[in-house]
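Asks: Here it is, the structure, as structure tokens.
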Amino acid sequence: MSNPEDTGAPLTDAGTTSRPGSPRPRAASKPRSRKGAGRGRAAVQRGLSVAAILGFSIALITFVLDQATKLYTFYVYDLPVKEPVELTSFVNLIVVWNRGISYGLFQQSTDLGRWGLIVISILAAIGLSFWIRRTNAKLLAASLGLIVGGAVGNVIDRLWFGAVFDFIQIHFGSWSWYVFNVADAAIVAGVVGLLYDSFVLEGRRAK
751 MSNPEDTGAP LTDAGTTSRP GSPRPRAASK PRSRKGAGRG RAAVQRGLSV
801 AAILGFSIAL ITFVLDQATK LYTFYVYDLP VKEPVELTSF VNLIVVWNRG
851 ISYGLFQQST DLGRWGLIVI SILAAIGLSF WIRRTNAKLL AASLGLIVGG
901 AVGNVIDRLW FGAVFDFIQI HFGSWSWYVF NVADAAIVAG VVGLLYDSFV
951 LEGRRAK
């Protein structure tokens, strides 16, 4: 066997002969940057959670249902002309213009009071929307969605009519409950769900 030193062939770092025309050894590949994966994870984190999607969907459905029932009852069914309408022995349809908050509380008789309620309702809806965006609890998000959808629905009434259009009356004999609408019912259901989540489910999640 001939000695590589005698042939004059150059030696590689590993001590082997490099022949003319032979492919050069590939350099060791560098580890791939993790920036791309990090960006992907960040994009997923920036997206809406399942709970947030549920909450915003319920808010939208509540708003649409509230406005649809009001527009139909007022403009199509023409309740102001036909009232009172007895649906059942304990449910009537009547027209009540509410210048306060839900169920007739805190009545406002001036434009300043009306615009004050509008601003407060809008700010509350924005704040609760941020809460929906950040939570992963489905019941909490759904409850907040009910409140947001109802609040926005009543804000539209105040902007369009100057007061909230209430038309559902529940009564038993001579006793009558507050006249309300779909938005009011959604807000009450949302508050109940919010209280249940805060006092019952929150403690379970903490364990």
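Numbers 751 to 957, taken from the numbering used here, label the letters of the sequence shown in order.
Don't be surprised by glycine CBs; every beta carbon is placed ideally from N, CA and C.
No experiment lies behind these values; they were computed from the predicted model shown.
1. What are the partner residues of N848, as DSSP defines its beta bridges?
2. Reducing DSSP to helix, strand and coil, say where S839 ends up.
3. Check for me: the alpha helix (DSSP H) holding V932 runs from which residue to which?
4. Between I906, A892, N842, which lies nearest to L945 when the distance is taken from Cα to Cα?
5. Between which residues of its own chain and I808 is the CB-CB distance below 7 Å, once the five residues before and five after are set aside?
6. Just verifying my parser: in three-state terms, what is the DSSP assignment at S799?
7. DSSP on W925, reduced to helix/strand/coil?
8. When you compare the segment 931 to 942 with the segment 858 to 871, are there three or more beta-carbon pairs, one atom per stretch, that lie closer than 8 Å?
9. Apart from the five residues just before and just after V905, which ones in its own chain have a Cβ nearer than 8 Å to its Cβ?
10. Starting from D828, follow the alpha helix (DSSP H) in both directions and report where the run begins and ends.
11. Please list the terminal residues of the continuous alpha helix (DSSP H) segment that includes V950.
12. Under 8 Å by Cβ, that's how I've got N842 and V835 pegged, so tell me the actual separation to the nearest angstrom.
13. DSSP beta-bridge partners for Q919?
14. Buried or exposed, going by whether 16 or more other CB atoms sit within 10 Å of the CB of F813?
15. For N886, count the other beta carbons within 10 Å of its own beta carbon; 16 or more makes it buried, fewer makes it exposed. Which is it?
16. Excluding sequence positions up to five away, which residues of its chain have a Cβ less than 7 Å from the Cβ of W881?
17. Which whole-angstrom value is the C-beta distance of D916 and V846, which I expect to be below 8 Å?
18. Can you give me the C-alpha to C-alpha distance between A793 and V902, rounded to a whole angstrom?
19. Does F706 pass the burial test, meaning 16 or more other C-beta atoms within 10 Å, or should it be called exposed?
20. Hey, quick one: how far does the alpha helix (DSSP H) through A887 stretch, first residue to last?
21. Mind checking R908: buried by the 16 CB within 10 Å criterion, or exposed?
22. Might you give, ordered along the chain, the residues of its own chain that have their beta carbon closer than 6 Å to the beta carbon of L815, omitting 5 neighbours on each side?
Replies: Reading from the atomic positions:
1. N848 pairs with V914.
2. Correct three-state label for S839: coil.
3. Counted as a single uninterrupted DSSP element, the alpha helix (DSSP H) harbouring V932 occupies residues 932 to 946.
4. Of I906, A892, N842, the residue nearest in Cα terms is A892.
5. For I808, where only same-chain residues beyond five positions count, the Cβ hits under 7 Å are A892, G895, L896, G899.
6. DSSP places S799 in coil when its eight states are reduced to three.
7. It is a strand residue.
8. With a cut-off of 8 Å, the segment 858 to 871 and the segment 931 to 942 do not count as touching, because too few Cβ pairs lie within range.
9. Counting only Cβ-Cβ distances below 8 Å, and skipping sequence neighbours, we find I868, S871, I872, A875.
10. Element bounds for D828: n/a, residue is neither H nor E.
11. That residue, V950, is in no alpha helix (DSSP H); it is neither H nor E in DSSP.
12. That belief holds up - the Cβ atoms of N842 and V835 are roughly 7 Å apart, short of 8 Å.
13. According to DSSP, Q919 shares a beta bridge with N842.
14. With at least 16 other beta carbons inside 10 angstroms of its own, F813 counts as buried.
15. Exposed, by the Cβ-count rule.
16. Same-chain partners within the cutoff: L894.
17. At roughly 4 Å, the Cβ-Cβ gap stays under 8 Å, so D916 and V846 are in contact.
18. For A793, the predicted structure reports a pLDDT of 38, less than 50, and the residue's modelled location is therefore unreliable. The matter cannot be settled from this model.
19. It is not possible to answer for residue 706, since the shown part of the chain is limited to 751 through 957.
20. Element bounds for A887: n/a, residue is neither H nor E.
21. By the Cβ-count criterion, R908 is buried, with 16 or more other Cβ atoms from all chains shown falling within 10 Å of its own Cβ.
22. If we look at L815 and ignore the five residues flanking it on each side, its Cβ neighbours are V932.
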